[in-house]
Each structure stands twice: as C-alpha cells, then as structure tokens.
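Peer 1:
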Amino acid sequence: MKTYQTNEIKNIVLIGAPGSGKTTLAEAMAFEGKVIDRRGSIETNNTLSDNTELEHLYKRSIYPTILFTEFMGRKLNIIDTPGSDDFCGGLFSAFKVADVGVMVFNAQNGFEVGSEIQARYARAQEKPIIALVNQLDAEKASWEATMESIKSSSHVKPVIVQYPVNPGPGFDTFIDVLMMKMYKFKDDTGIREEMEIPESEMERAKELNNTLVEAAAENDEGLMELYFDKGSLTQDEMRSGLKIGLAKRDLMPVFCASGKKDIGTKRLMEFIINVAPGPLKAPNFRTVEGEDIAADTEGPVALFVFKSAIEPHLGEISYFRLIRGKLTEGMELLNTRTGNREKISQLFAVAGKNRIKVSEMMAGDIGCTVKLKGTKTNDTLCAPSAPVTIAPIVFPEPRYRAAIRSTKTGEDEKLGDALNKARYEDPTILVDYSKELKQTIIQGQGEHHLNILKTTLANQYKIDVEFFAPKIPYRETITKVAAADYRHKKQSGGAGQFGEVHLVIEPYYEGMPEPSKYKIDGRELMVNIKNKEEYQLEWGGMLQFYSAIVGGAIDARFLPAILKGIMEKMDEGPLTGSYARDIRVVVYDGKMHPVDSNEISFKLAGRNAFKEAFKKAGPKIMEPIYSVEVLVPSDKMGDVMSDLQNRRAMIEGMTSDKGFDRLTARVPLAEMYRYSTTLSSLTNGRATYTMKFASYEQVPSDVQEKLLKAYADTDKDE
Ligand SMILES: Nc1nc2c(ncn2[C@@H]2O[C@H](COP(=O)(O)OP(=O)(O)OP(=O)(O)O)[C@@H](O)[C@H]2O)c(=O)[nH]1
Ligand SMILES: [Mg+2]
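Numbering (numbering that gives the first Met the number 0), first residue to last: 0 to 717.
1. Leaving out the 5 sequence neighbours to the left and right, which residues in its chain are closer than 8 Å to E717 when beta-carbon positions are compared?
2. Buried or exposed: which applies to E206, given that a residue is buried once 16 or more other Cβ atoms fall within 10 Å of its Cβ?
3. How is K1 classed by DSSP in three states: helix, strand or coil?
4. So for R583, helix, strand or coil by DSSP?
5. Rounded C-beta distance between E611 and A711? I'm assuming under 8 Å.
6. Mind checking which residues open and close the alpha helix (DSSP H) that includes N10?
7. Please report the straight-line C-alpha distance between G233 and A275, rounded to a whole angstrom.
8. Following a CB-centred definition, is A118 positioned closer than 7 Å to any heavy atom of ligand 1?
9. Mapping DSSP to helix, strand and coil, what is D291?
10. Report the three-state DSSP secondary structure of D701 (helix, strand or coil).
11. What residues in its chain sit with their C-beta under 6 Å from that of S596, if we drop five residues either side in the sequence?
12. Nearest by alpha-carbon distance to Y432: which of I440, R340 and P426 is it?
13. Exposed or buried, what is S152 when buried is set at 16 or more other beta-carbons lying within 10 Å of its beta-carbon?
14. Applying the criterion that 16 or more other CB atoms from any shown protein chain within 10 Å of the CB defines a buried residue, is K602 buried or exposed?
15. Given this structure, state the Cα-to-Cα distance separating A256 from K180, to the nearest angstrom.
16. How many angstroms separate the CA atom of T654 from the CA atom of G684?
17. Should F254 and L267 be called a contact, given that it needs their Cβ atoms to be closer than 8 Å?
18. Give me the Cα-Cα distance between R323 and E622, rounded to the nearest whole angstrom.
19. Where do the N-terminal and C-terminal ends of the alpha helix (DSSP H) with V631 fall, by residue?
20. For a quick check, are the C-beta atoms of K74 and I8 less than 8 Å apart?
21. Indicate the three-state DSSP secondary structure (helix, strand or coil) for E435 in the structure shown.
22. Taking Cβ positions, are A560 and G605 nearer each other than 8 Å?
23. Within the present structure, is the beta-carbon of P276 separated from the nearest heavy atom of ligand 2 by less than 7 Å?
24. What three-state label does DSSP hand M102 in the structure shown?
25. Return the CA-CA distance between V287 and T379, expressed in angstroms with no decimal places.
26. Which one of V500, G443 and S405 has the shortest CA to CA distance from K461?
27. How is the beta strand (DSSP E) around D175 delimited, first residue to last?
28. What does DSSP give as the partner residue(s) for N775 in the beta ladder?
29. Can you name, in chain order, every residue of its own chain whose Cβ lies under 6 Å from the Cβ of K156, other than the five neighbours on each side?
30. DSSP puts R340 in a beta bridge; with which residues?
31. Span of the beta strand (DSSP E) holding N530?
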C-alpha cells in the first residue's frame, strides 16, 4: 500500500439512525476501493465492520469500526458507528477524529429520532454533514416523504445534489444535478452507465440545478457576483461554493443511494474527495493548553488515541489519528499523561479486523498500532522533544446506574479485572466500588448498553453477573436538641461489662456558639466544657465532640472509646444506615464500675446513647437530587411529563424546537432507576435524556416514613 500524503486523505464518520444502512454502505465503499473483492452482508454476518460475535448476534453495530478505502488515488478513512444511542460513546470518539459526517437516512423512515439525536451531537461538535438518502430500493421507500421530513427537522439546510428516478424495488437510476448527468446501474454490481438526462426529467433537473447553484453561490461574495453576471456557475465554481457552505454547516448536500445494491457509492466518494474538508482544511486540533496543532507533516509527531481494544491472542490495539508529523515504525514517543515512553513497533492501516502493515504514515491519517504498554483512549503520544496533549474526547454523562455482582461468591477480583478491561475498551462504562453503599456501582448509557456488557462478561471473561437496584447515597442529620442516657451492662460468667453514658446532641452549623446550657425535657442542664474535638467528615459535613463530664464520673481514658462508638453510628446512620453529618455531641455524665468497665462497654454505651438521642432529635433524611433534561417528540410530552411527576420531579422549564420539546426538571436519584427503559417504552424510543448530580435535599415525610420502616426491618442492631 502506498503512503498517502496529507492532501490525499479524507476522514469521514458514518452516522444515522439504527438500521439506516451505515455498515452496509461501508461495505460497498470498501468494495469499490478494492479493499475487499466481494461484499458481505448483515444477514450473512460477514461485513468488514460488524465483525464481532456480539454484533452478529444482535445484527447491529455495537462498536465504532475503522476502515479505509482507496479511490481516485486517495485514501478515505471511514468510521462506521452504531446507530443506537446506548452506544453513542463510539460516535463521540469518531467525531473527535473525523472531519466530516455522512448521515445516512432510511428512505422508508425519513428523519427519525435516531437522526435527530445524532444531528444534535453533530451540531454540538460542529461537524459538517453530508446527507445520504439510502435504501431507495426498498418497497416502502419514499423520496418525497424523506426529503419533506429532512427539510422540516434538520437545523442545517438540505440541498439536493441527486434525486432518484425510480425509487422502490426496481431502483436503478438517479440524476445528479451537479454533474447534470443520469446514472443507471446494472443489477447490484456497482457498475454504472453515465447518460444524458432524458427530456422527461430535464425540467425537474434544471430546476434543482438552479437551486443548487444558488445555494453554492450564497456562500461566497465572489461566486455571488459571478452568478449575477453569468446567470449560472461552472461545476468547479459550484464545488467551491458547496465546499464553503458544507464546512460552515450552512448547507447539507443530499445524495441518494442503495448501499445494499451498491448504487450511489462511487458518486458519494467522488464528492467527498472533491468537496469535503480534509485534514488541511478542517479545523485544527486543540491542545489542553488551547494551542492549535495543524496537520503539518514537517512538524514533530503527535498522535491521539481515540479507541482502544483488546483482541484475544494479540492484546491491546490502539487506534489513533496522526495529528502532526510523519510517523514511522520504530519511533519512540512520549505519553504525556503517564510521562512514559512508548515504542511504535508496528503500524497498520485498518479495514475492520484486517490490518495492513505500513511503514510510515503522514499527518491527518488514521491507523492503529499494537502492544503499547500503558496507553489508553484520550492519550496523546508525541515526539519527546515537543510534548503536547490534545484536548480529550468529552464523553456523555452516564444515564443508567445499577449495582452489579457476580452470581458466584469469591469472584470479586476477577470481576473487577474484567470490568477494568471493559472500561478500557468503552470509556462510557463507569465502575466504582462504593464504600458507602457497599456495592459495586456500574454506570452506562442505557439498559441495553449494560446488558451487552453482561453478555461480554459471560462470553469473554466467563463471569456471570447480575444487576440490581443500587442503593441511594442518602445522608442523615438532625434538626433539634435531644439527650439520652444509656447503660451497657452484661453479667455473664467471668468478667462483666459496664459503661454508662449521658449525652446531648444538637444540629451543627458553622459559627455556632460554644455550648454552655441546654434545656431538656423541662430541666436546665449547665455544661462545663473540658475538651473539644472536631472532625471534618469524609462524606461532607462536621462532627463536634465535647467532653463536659463532672466529678470524674467517667475516666478520660474511656472518651476515645465513646467517640469511636459515635463514629460508628455516624458512619452507619441510625435512620437508614447512611452517613450522618453536621452534629454536635456533648458527653456530660455517666457511670463507671471499678472492675467491669472497659473500652468495649463504653464504645457500646456511646454508640447506643447517640443512636437514641439521634432518633429524638427531629432526624431527617437527605437525598441526592439530579438535574434531568429530556428531549421528547412534542406529541409524547404529556406522557413523559406525567411520568416524571410520578417520580417526584420538580419541572423547571420547557422549550420547543422543530417538533421536539426540551424539558428540564429536578428529580430524586431514587426515582431514576431504569428511567431510560420507561422513557423508551413511553415514546417508542423517540426520546433521550441526560442527568447530572445537583444537590442534597430533605426527603418528603411520606418517603422518610417508608425509608425508616424499610431500614428498621433490616436493622439488627442493639
Ligand atoms: N433494501 C435495503 N436494505 C438495506 C440497505 N442498506 C442496509 N439494508 C438492510 O438494513 C438492515 C440494517 O443495515 P445495517 O447496514 O446494519 O445498518 P446500520 O445503519 O449499520 O445499523 P446499526 O449499526 O444498527 O445502526 C440490514 O438488514 C441491511 O441488509 C439498502 O440500501 N436497501
Ligand atoms: Mg452498523
């Protein structure tokens, strides 16, 4: 394979609703570039792109796949992404390194929710988009309806470059109004005949050509003048206008195709090569310091890893885009995150699972290398003399949270290992052992996302896991002063146990005065402080611990044991076993026994006195509240709203945009378990949402009652 220069490379990402035909199209592109000599299909599990067992099982893409094709002496790097929003992590990775997106529409469905979701991502990433109306050979294909829906839903103006002459099962011909030619295809061989536009189509073709000329001219003053002078533009002038409009996202050129019959593939690739921005024209890559890095072959090497995978028998594979410089085999580069050196022992061009060895690569190209030691997604490797760190891919916040455990005991470590590997391959999976909840919490983009992980764990790592409702990290605190006395006494056989503690507790707040007297149950209690300790709690908030013991009722040596007992209860709050916070404790009296008193007795007395006082002190439970944003088709708004209200949501606002409503609300985390699944069934998969931690707030009293009861049933304390 020849070495492609920077100006001979284009990097594209295929996006679009699930099942719109991205993988099938990628196959046709690879075939046209002679990277493969026959086209595989989804049905026969032999596409370049969907090459994993899981993808065969589900008949859909799950991972982003990198492949290339060679056409007109150029190299097109293509990233085929999964359409399902559960796997949007792959799309985020691909957007980082691709300069243009091809959005595939299924002509049977038009602009779908999946299109809307992905268009939104493309908008946020400011990626130019070319539209491809695909599956025009399908029985229910409708060009008109598809164009109508694209026009009404797309934020970027669609401009027709091609239209089909005979959509539907016999589809074999389209007219290109840029070339002003008709293309007729022979069966599904991809072989095309270029023809003059027949009289019957001329009027329509001319009208669309005019619209295209105007759209092209609009983007440049020079072109506009030319257009006014001549009343038209040459093809090259049109291309240069479209080039500007596309790059600025002012327009979205529309093509037509049947990926399955290999119709339209070549014209699309020609257009990409001639018009789409390549590495030299696309915006530069930014470093974390805000410096711009141009695709300069002469500069020091910098590459960015956007995907990492582990392959059996081979190990780690790192997929990267060469941002700057010329990369050759054997180079030693610096990983700017770890500070370690990595040797690039082998370099490959990638076509799905197939890797083609190359000895060098130029800035702008995409490829992979193997067996790096400590490099993962989002790392930059660069010439040690010119260290730079490319700004990382910002993955979406997790939307689905569950607790996970192995169905067998004693597999914790094995599971931890496997989850680390899964996370290495998919950064949208977050794993965290919560000391607080005593559960391993796993987070991802949706239920399907985590179910796929479950299958991977079973097949690849031989671990069977189950998901269950995660505990909620509640907090506990008190609202008023209360006191309690507790005597711990045990007389069984030999040495006995004895300890008695009297204490007062009250809500702590910053800057509160030192304690001097309390009024408890009608009696006044004066305290005389002997000692004060303050603890900034790991989980937030404060514990103040005062000793005001009079007349040596309890030896000072037992104070640490009393504190320890209280701490145990702070750590596992009296109401629900959650962390307690913001409390002041004053131990003011008690009793000892000359023989039977020991540390354990005072620890237990302290702990139980604290617990009793806590329950009398107007205790309240606080719960985490999340900011939730739902994007929902307007006709489903009512259902989504009333479901949210049942989840104790506080609706904060609503805006509408092109048939979709955006709803913002504050919702307790406790009510969000499996929300993605409910939302999906309420809207037939037509809505999406994001969620982010906002604050802790007091739970309503009915909820508190329920939580108290549930915990009392399990609390075997005492
Ligand atoms: N009739 C027809 N069917 C097509 C065409 N392209 C794809 N299909 C079929 O549509 C289904 C989905 O195709 P894929 O290529 O997997 O679609 P995708 O966009 O990659 O799907 P995801 O990866 O799940 O998002 C398969 O059954 C294909 O055979 C086409 O041009 N015409
Ligand atoms: Mg696919």
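A virtual CB, placed ideally from N, CA and C, is assigned to each residue, including glycine. From a predicted model like this one, the values you see are computed outputs, not experimental measurements.
Peer 2: To lay it out plainly:
1. By one-based count along the sequence shown, residue 717 stands at place 718. Low per-residue confidence applies at E717: pLDDT is 46, beneath 50, and the placement is therefore not dependable enough to give any value.
2. Against the sequence shown, residue 206 aligns to sequence position 207. In summary, E206 is exposed, with fewer than 16 beta-carbon neighbours lying within 10 Å of its beta-carbon over all protein chains present.
3. Numbered from 1 along the sequence shown, position 2 holds the residue referred to as residue 1. In the structure shown, K1 sits in coil (DSSP, three-state: anything other than H, G, I, E or B).
4. As a working mapping, residue 583 is identified with position 584 in the sequence shown. In this structure, R583 counts as strand in the three-state DSSP scheme.
5. Numbered from its first residue, the sequence shown carries residue 611 at position 612. Numbered from its first residue, the sequence shown carries residue 711 at position 712. Going by Cβ atoms, the distance from E611 to A711 rounds to 14 Å, so no, they are not a contact pair.
6. The residue labelled residue 10 in the question sits at position 11 within the sequence shown. From DSSP, N10 is part of no alpha helix (DSSP H) but of the beta strand (DSSP E) over I8 to G15.
7. Numbered from its first residue, the sequence shown carries residue 233 at position 234. Numbered from its first residue, the sequence shown carries residue 275 at position 276. According to the sequence as given, residue 233 is Thr; it is not Gly. Each residue's alpha carbon lies about 18 Å from the other.
8. Sequence index remark: in the sequence shown, residue 118 carries index 119 (1-based). The answer is no for A118.
9. Here residue 291 corresponds to residue number 292 of the sequence shown, with the count starting at 1. Residue state, collapsed to three classes: strand.
10. Locating residue 701 in the sequence shown gives position 702, where the first residue counts as 1. Annotated three-state conformation of D701 is helix, per DSSP.
11. Numbered from 1 along the sequence shown, position 597 holds the residue referred to as residue 596. Contacts found: F497 and G498.
12. Mapped onto the sequence shown, residue 432 falls at position 433. Looking at the Cα atoms, I440 is the closest of the given residues.
13. Start at 1 with the first residue of the sequence shown, and residue 152 comes out as number 153. Classification for S152: buried.
14. Sequence index remark: in the sequence shown, residue 602 carries index 603 (1-based). So K602 counts as buried.
15. By one-based count along the sequence shown, residue 256 stands at place 257. By one-based count along the sequence shown, residue 180 stands at place 181. Near 15 Å, if we compare the C-alpha coordinates of K180 and A256.
16. Taking the sequence shown and counting its residues from 1, one reaches residue 654 at position 655. Taking the sequence shown and counting its residues from 1, one reaches residue 684 at position 685. Roughly 20 Å separates the two Cα atoms.
17. Residue numbering aside, residue 254 sits at position 255 when the sequence shown is read from its first letter. Residue numbering aside, residue 267 sits at position 268 when the sequence shown is read from its first letter. Closer than 8 Å, so yes.
18. Numbered from 1 along the sequence shown, position 324 holds the residue referred to as residue 323. Numbered from 1 along the sequence shown, position 623 holds the residue referred to as residue 622. The straight-line gap from Cα to Cα measures roughly 49 Å.
19. Walking along the sequence shown from the start, residue 631 turns up at place 632. Careful: V631 lies outside any alpha helix (DSSP H), inside the beta strand (DSSP E) at K619 to P632.
20. Looking up residue 74 in the sequence shown gives position 75. Looking up residue 8 in the sequence shown gives position 9. Their beta carbons are under 8 Å apart, which means K74 touches I8 by this criterion.
21. What you label residue 435 is simply residue 436 of the sequence shown in a count that begins at 1. Coil.
22. Translated into the one-based positions of the sequence shown, residue 560 becomes position 561. Translated into the one-based positions of the sequence shown, residue 605 becomes position 606. In contact: A560 and G605 (Cβ atoms closer than 8 Å).
23. The count along the sequence shown starts at 1 and reaches residue 276 at position 277. Because no heavy atom of ligand 2 lies under 7 Å away, the Cβ of P276 does not count as near it: no.
24. Position 103 of the sequence shown holds residue 102. Three-state DSSP puts M102 in a strand.
25. Counting from 1 along the sequence shown, the entry for residue 287 is found at position 288. Counting from 1 along the sequence shown, the entry for residue 379 is found at position 380. One C-alpha to the other measures close to 11 Å.
26. Position 462 of the sequence shown, counted from the start, is the residue given in the question as residue 461. Comparing Cα positions, the closest option is S405.
27. Along the sequence shown, one-based indexing puts residue 175 at 176. Start and end: T172 to D175.
28. What the structure shows of the chain is the stretch from 0 to 717, and residue 775 is not part of that stretch, so it cannot be assessed.
29. Taking the sequence shown and counting its residues from 1, one reaches residue 156 at position 157. For K156, where only same-chain residues beyond five positions count, the Cβ hits under 6 Å are L250.
30. Counted from its first residue, the sequence shown places residue 340 at position 341. DSSP output for R340 lists L333 as bridge partner(s).
31. If you number the sequence shown from 1, residue 530 lands on position 531. Where N530 is concerned, the enclosing beta strand (DSSP E) stretches over N530 to Q535.
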